[in-house]
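Chains as they are written, first to last, in my numbering: chain A, 408 to 758; chain B, 182 to 506; chain C, 372 to 651. The C-beta atom is built at its ideal place from N, Cα and C for all residues, glycine as well. These figures come from a predicted structure and were not determined experimentally. Beneath this line is the structure, given in structure tokens, with notes to follow.
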Amino acid sequence: MSLPRKVTIWLLVLAVMHGIVLCAGFFAPYNPVEQDRKNPYLPPMRLHVMDTQKHLHLRPFVYLFQIRPGTFDQYAEDTAQPRPLKFFVTGDRYRLLGFVPAHLHLFGADNDRIYLLGTDAYGRDQLSRLLFGGQISLLAGLLGAGFTLLIGWCIGAAAGYYGGWRDDLLMRLAELFLALPWLYLLFAIRAFLPLAVNPLQAFFLIVAVIAAVGWARPARLVRGIVLSAKERDFVRAARGFGASDLYLLRRHIFPETSSVLLTQAAILIPQYVLAEMTLSFLGLGVPEPVPSWGNLLSNLQQYSVLVSYWWMYLPALSIVPFFLGYLGLASALQESPGAYKIGRRSLGSLA
Amino acid sequence: MIRYFLRRLAHAFLLVIGVSILAFFFTTLAPGNYFDEMRLNPQISPETLAALRTQYQLDRPLPIRYASWVNSVLHGQMGFSFAYNSPVAPLLLVRSKNTLLLTITATLLAWAIAIPLGVWSAERLGRLPDRVISWSTAALLVVPDLALALGLLVLAVRTRWFPTGGMVSVDFESLSSFNKIRDLAMHLALPVAALVLSTLPLLVRHVRAAVAEVLRAPFLLAAEGHGIRRSTLLYRYALPAAANPLASLFGFSIGALLSGSLLIEIVMSWPGLGPFLLEAILARDIYVVIGGVLFSTIVLAAGNFLADMLLFWLDPRIRTESASQ
Amino acid sequence: MESEPTLRGQNMEPLLTVDNLSKRYTKRGFAGARQDFVALDGVSFTVSTGTALAIVGESGSGKSTLASCIACLETPSAGNLWFEGKNLAQAPECDLRLIRPQIQLIFPDPASSLSARWTVLEILVEPLVLQGKLSRTQMETRAFSLLERVGLSQDAAERPPSELSGGQRQRLAIARALTLDPKLLILDEALSALDCSVQAQIANLLLELQSSLAMTFLFISHDLAMAAHLADEIAVMSHGRIIEHGPSTKILQNPGHEATRQLLAAVPRLPRPPWPATQQ
């Protein structure tokens with residue numbers, strides 16, 4: 408399937424961004440669950456190249472913080488303690504891609520800890536938590552979107568291909584699922600599943616829940632395509648050679664739906680990442696201490712945190728580059744000649 | 182016309198019933214666990230549990246539980262809340278009024294901005310103003326509404342221009358009528374702003390696309406040749422022709438706004454359904470959750486019904502199509 | 372409506388017997404308002420092995436529906452369809468799947484009947500792949516020989532159908548239909564989408580195939596003159612029924628029915644005799 412150039416570019420951009428998150432162990436300086444109780448709510452350390460004597464350093468460095476005299480929690484840079492940033496350092500052990508043991512990190516300092524994005528209440532490095540949290544959130548979004556498209560395709564194809572009462576029943580069911588606003592539906596399904604589960608179970612639970620929410624719209628789109636595709640002459644001709652239903656669906660009808668599936672994927676994946684973030688933010692998703700972009704934000708519900716520690720807000724924006732990437736991909740797909748256009752009537756196509 | 186009206190009404194009604202059945206079906210997702218957990222829940226006394234068991238036949242199969250719930254709905258109770266020890270309906274009524282206030286205000290405001298902006302943009306398709314709008318909507322689109330809500334909250338706290346939560350001030354009752362409205366408006370401002378900002382980009386894009394499509398039509402060119410004024414052309418000729426996609430967009434936007442308001446109410450402490458539902462989920466208050474879900478369906482169905490009626494009024498093709506049936 | 376088969380010295384055994392075939396489409400409306408559209412209304416005729424029958428009629432007369440029913444792509448509402456001793460109208464799907472390859476249908480529009488995403492070779496090879504009996508090389512050999520048979524050049528094999536002309540595409544469709552050695556070949560308006568000159572070329576190809584292959588042909592057309600050129604027998608259809616059936620020469624010279632006369636009148640005539648009349 409040859410793709411237009413613009414689409415390939417956006418796919419590359421997305422691949423790089425996902426790649427960085429995938430290799431969070433390498434890009435993050437520290438273990439996301441490691442606590443540093445002596446340094447709660449440390450603000451981000453600023454990178455400098457020029458020190459107080461106006462000397463230019465080739466290697467960027469940071470100043471460690473010390474508590475401002477006379478206050479409990481105000482920090483100031485301790486200009487007497489510069490720490491140069493070293494690259495490709497050995498640090499905490501982690502598993503690259505989940506199974507390759509490694510301990511090389513992109514950057515770090517020798518003995519001290521550098522907090523480029525500050526710390527949270529337990530002194531955990533926010534940058535590391537951000538990167539590892541991305542793994543959870545993005546994976547949830549990707550898996551959820553994958554399952555939804557799978558379910559949606561099967562149901563839509565069955566409805567469109569076999570028609571009759573099956574079509575009516577399935578489309579009525581789809582209508583029911585579309586009659587609920589998505590967050591309400593999410594809540595409804597989540598409400599009746601166990602609340603106190605371990606992080607792994609919680610993760611798969613959320614994936615299942617968000618996948619169950621969004622199948623209806625892709626199903627309707629696929630049904631429309633299958634309805635018209637099955638009457639096309641080349642499909643009828645293949646039937647004339649003795650092809651079975653499964654063969655027709657697989658070799659002739661599925662390719663007709665591939666463009667819609669790709670565009671839907673570009674739209675659904677960011678929405679599903681956001682759904683995971685929302686659930687985790689509200690405490691219904693991945694529980695502590697496993698980081699996810701959502702639960703990194705959950706302590707912002709306390710005003711004190713919201714007001715005093717601005718860096719805790721940053722995970723909310725972490726999804727923005729990904730949204731941009733997926734938006735670009737979806738726009739590029741829409742602009743491509745013919746094949747990738749969804750009908751004008753289908754909403755969310757301009758998201 | 183009445184036939185069409187009744188048909189759409191019946192359709193909406195059936196939809197609500199269908200969703201209630203679906204919601205009840207979700208309760209079977211964890212049958213054994215659910216009621217065991219209720220027994221463990223300290224908020225629910227054993228007496229309450231026993232009373233509910235008889236009244237709602239909690240361990241009986243699904244159809245019986247559903248039937249007793251429907252019975253409860255018809256009696257105006259909509260089930261029973263364990264956490265609040267009261268029928269669900271009055272609790273929902275209070276909160277849903279607040280949610281509706283928020284959602285309807287946001288809907289009106291969002292559309293009031295989106296239509297002129299979209300039309301204006303469509304008119305200048307491809308040129309600088311349109312590009313500016315496209316880029317700004319793209320920029321807004323990629324910021325999740327969670328970030329928007331939290332950001333506005335930070336703004337409120339830092340500038341102290343707006344109250345940071347709640348619906349009314351503590352001394353609301355003692356204010357004059359004018360000040361009451363002003364107070365409400367000040368509290369409404371941030372949540373509405375968050376909601377509007379989160380849905381505006383999508384609306385503007387779709388309006389722009391729909392109107393741009395229509396502006397290319399030959400009939401509009403002909404009308405222009407007749408010397409009709411630009412504003413009349415846009416709003417009395419082009420916009421109704423774009424009514425079809427816009428009407429379905431309206432229905433879709435209600436759904437998006439309802440979901441958005443759920444989250445924003447929680448973040449900004451607006452006393453609507455949002456915080457209430459979240460609490461109910463955490464407390465395993467089953468009938469409240471079902472009631473809330475049903476409320477959202479009713480509002481969405483009403484919104485879609487309104488959109489259908491609007492379309493019927495605006496699009497003569499629908500009128501003739503329904504008349505011939 | 373009794374058929375008068377021409378004596379041609381062919382095998383006179385009936386290959387296909389259509390017996391009172393009917394096809395009704397019901398439009399489902401709500402509140403009980405069901406509208407029936409009758410496409411075929413009690414059609415009966417017999418096709419003998421090795422002969423060529425043409426079904427002629429105006430648009431909407433039910434010709435394409437008839438073709439679909441015979442090719443087992445649609446199920447008739449009533450009646451029987453006897454093919455090699457089996458009643459196709461009531462056969463179960465698993466039987467039909469085995470029978471379908473023996474009755475091949477060529478569609479009016481060659482562009483839509485050929486999958487745009489595949490190459491010519493893949494299209495030709497598909498029926499053989501579905502049968503699964505030959506090796507890849509054997510399939511390709513057969514495909515290339517078929518290409519030659521229908522007059523397409525070998526280097527067309529790697530091209531997508533979009534790079535072929537209308538006439539070439541129809542040749543490809545014919546080649547594909549021949550892959551499985553069908554007993555009955557139905558051509559549904561196979562020439563209508565082509566230019567006049569190309570029509571003549573394909574018509575000649577069809578005549579040539581007729582004489583060289585032991586195949587039975589069923590031509591569907593709205594062009595009475597073309598039908599007479601390609602077949603010995605003509606059955607005229609109107610509103611889902613067969614109104615006339617007889618040898619081509621007889622129908623052309625002595626149309627018995629008003630509708631036939633109208634069809635005859637619709638044939639564009641040049642100042643000189645249109646087609647070399649089949650001398651009997």
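query	result
Reduced DSSP category for C/Gly315 - H, G, I as helix; E, B as strand; rest coil	Residue 315 of chain C cannot be examined here, being either before or after the span of chain C that is shown, 372 to 651.
Closer than 8 Å to chain C by CB, A/Phe648	yes
Rounded C-alpha distance that separates B/Ser319 from A/Leu576	Correcting the residue identity first, residue 319 of chain B is Ala in this sequence and not Ser. Looking at the two C-alpha atoms, the distance is approximately 38 Å.
The segment 635 to 663 of chain A: positions lying closer than 8 Å to chain C by Cβ	Arg639, Asp640, Phe641, Arg643, Ala644, Ala645, Arg646, Gly647, Phe648, Gly649, Ala650, Ser651, Tyr654, His659, Pro662
Closer than 7 Å at the beta carbon, the chain A residues around B/Ala328	Ala723, Leu724
Any 3 or more C-beta pairs closer than 8 Å across the segment 711 to 726 of chain A and the segment 531 to 538 of chain A	yes
Sequence-distant residues of the same chain with beta carbon closer than 6 Å to A/Asp574, five excluded per side	Ala566
Cα-Cα separation, C/Cys443 to C/Met597	26 Å
Beta-carbon gap between A/Trp700 and A/Gly553 smaller than 8 Å	no
The segment 725 to 732 of chain A / the segment 633 to 640 of chain A touching (three or more Cβ pairs under 8 Å)	no
Cβ contact (3+ pairs, closer than 8 Å) linking the segment 434 to 451 of chain B and the segment 277 to 288 of chain B	yes
Interface flag, B/Thr286 vs chain A, CB-CB below 8 Å	no
Contact set between B/Thr380 and chain A, taken where Cβ atoms lie within less than 9 Å	Neighbours of B/Thr380 on chain A: none; closest Cβ ~11 Å, over 9 Å.
Nearest candidate by alpha-carbon position, reference C/Leu392, set C/Arg612, C/Thr550, C/Ser619, C/Gly617	C/Arg612
Chain A contact for C/Ala442 (CB, 8 Å cutoff)	yes
Three-state secondary structure assigned by DSSP to B/Glu394	helix
Integer Cβ distance of C/Gly664 from C/Ala410, believed to fall under 8 Å	Given that chain C is displayed from residue 372 to residue 651, the structure contains no residue 664 of chain C and the question cannot be resolved.
N- and C-terminal bounds of the alpha helix (DSSP H) containing A/Asp574	571 to 585
Nearest-angstrom Cβ-Cβ length linking C/Thr417 and C/Pro463, presumed shorter than 8 Å	Wrong, their Cβ atoms sit about 25 Å apart, outside the cutoff.
Min CB distance C/Gln406 to chain A below 8 Å	no
Identity of the residues DSSP links to C/Asn451 by a beta bridge	C/Asp390
C-alpha gap between B/Val480 and B/Leu196, whole angstroms	12 Å
C/Phe590 at chain A interface by Cβ criterion, 8 Å	no
Residue-level contact to chain A via CB, C/Leu387, 8 Å cutoff	no
C/Gly537, enclosing alpha helix (DSSP H) - first and last residue	537 to 549
Residues sharing a beta bridge with C/Gln406, DSSP	C/Lys398
contact_flag[the segment 305 to 318 of chain B, the segment 486 to 502 of chain B] where n(CB pairs < 8 Å) is 3 or more	no
Residue interval of the beta strand (DSSP E) (run including C/Pro607)	The amino acid occupying residue 607 of chain C in the given sequence is Val; Pro does not appear at that position. C/Val607 -> beta strand (DSSP E) spans 604 to 609.
C/Leu518 at chain A interface by Cβ criterion, 8 Å	no
DSSP state of B/Pro310 mapped onto helix, strand, coil	helix
Closer than 8 Å at the beta carbon, the chain A residues around C/Glu497	Ala645, Phe648
Distance, A/Phe688 Cα to A/Val616 Cα	16 Å
Backbone CA spacing between A/Arg490 and A/Pro436 [nearest angstrom]	15 Å
Inter-stretch contact (C-beta, 8 Å, three-pair minimum) for the segment 469 to 476 of chain C and the segment 624 to 634 of chain C	no
Cβ neighbours of A/Leu419 in the same chain (closer than 6 Å, five flanking residues each side left out)	none
Option in C/Ala544, C/Gly413, C/Ser516 with minimal Cα separation from A/Gly647	C/Ala544
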